[in-house]
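Just below is one structure, and these are the notes that go with it.
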Amino acid sequence: MASSGMFTNFAQFYMDLEFDDLDLFMITRKFHIGNIEGKLSGVVQNLYLENWQPVSFYAWMGTPEGDDSTHKISQKAVENIASIGGNSAADVLSKGFLSLFSSFRYDKLGFGCYLHQGVCQLMGVEAVDNGFYLVKGGGLPRINIIGYNPRLNWSVLLERLRRITKSDEFIIE
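Pasting the structure below:
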């Protein structure tokens, strides 16, 4: 971690961050995006902020290798994750067979972003025809969430994340 000009009109901040085996259920419960069970590990590398605004970084978060915890994702979480990429899973889930299930099993999930010049180059856990898996199903019932837009304006991505994490509820423990 390094910084310069912290108390000037042009503050700069540099940082790398790593996290391992976070409990996804606890995280998703706090942000009201729908329930996800499993573990989450990740990195943020070469984070560079100017005046506390991200200029560039590489970030990855996903299911850790060898994670043997239960991997389940709720319909609400599926809809919210799909909306990050601009897709709507609501139509698929509300119709037919999938609407019978409140949650689905997954093998792994992951989301990455390389931010450069205001554009986030997105990536998932694995490539698939013309896209990438954000959630790759496993077991039954299973669901896949596939991203098809590998480039997204940073401000658009932030707005989508704000929209799905916004809540009027408070959790007091």
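So the sequence shown is numbered by our numbering: it starts at 541 and just counts up by one. Here a beta-carbon is modelled for each residue, glycine too, at the ideal position from N, C-alpha and C. All values reported here derive from a predicted model rather than from experimental measurement.
Query raised in the report: Hey, quick one: how far does the beta strand (DSSP E) through L662 stretch, first residue to last?
Result: As a first step, residue 662 is located in the sequence shown; it is residue number 122 there, counting from the start. It spans 659-663 - the beta strand (DSSP E) in which L662 sits, taken as one unbroken run.
Query raised in the report: When you compare only the Cα positions, how much space is there between N549 and N591?
Result: Position 9 of the sequence shown, counting from 1, holds the residue named residue 549. Position 51 of the sequence shown, counting from 1, holds the residue named residue 591. Taking the straight line joining both Cα atoms gives about 7 Å.
Requested in this report: Would you tell me roughly how many angstroms separate the C-alpha atoms of Y588 and L640, rounded to the nearest one?
Outcome: Taking the first residue of the sequence shown as position 1, residue 588 is located at position 48. Taking the first residue of the sequence shown as position 1, residue 640 is located at position 100. About 45 Å.
Query raised in the report: Using a Cβ-Cβ cut-off of 7 Å (strictly less than) and excluding sequence neighbours within five positions of I621, which residues of its own chain qualify?
Result: On the sequence shown, residue 621 is found 81 positions in, with the first residue counted as 1. So the list reads L674, V675, I685, once near-sequence residues are dropped.
Query raised in the report: On the three-state DSSP scale, how would you describe N680?
Result: Walking along the sequence shown from the start, residue 680 turns up at place 140. Going by the sequence as given, residue 680 is Leu instead of Asn. Under the three-state reduction of DSSP, L680 is assigned to coil, being neither helix nor strand.
Query raised in the report: If you count every other CB in all the chains shown that lies within 10 Å of the CB of K635, and 16 or more means buried, which is it?
Result: The count along the sequence shown starts at 1 and reaches residue 635 at position 95. Note on K635: pLDDT 49, under 50, position unreliable in the model; no value is reported.
Report task. Find the nearest neighbour of S642 within the set C660, G671, L680, F672, judged by alpha-carbon distance. Result -> Against the sequence shown, residue 642 aligns to sequence position 102. Considering only alpha carbons, the answer is L680.
Report task. Starting from W600, follow its DSSP beta bridges and name the residues at the other end. Result -> For the purposes of this step, residue 600 is taken as residue 60 along the sequence shown, with counting starting at 1. The partner list for W600 (beta bridge, DSSP) reads V583, G652.
Query raised in the report: Can you name, in chain order, every residue of its own chain whose Cβ lies under 8 Å from the Cβ of G602, other than the five neighbours on each side?
Result: Mapped onto the sequence shown, residue 602 falls at position 62. Within the same chain, G602 has close Cβ partners L580, S581, G582, K648, L649, G650, F651, G652, V665.
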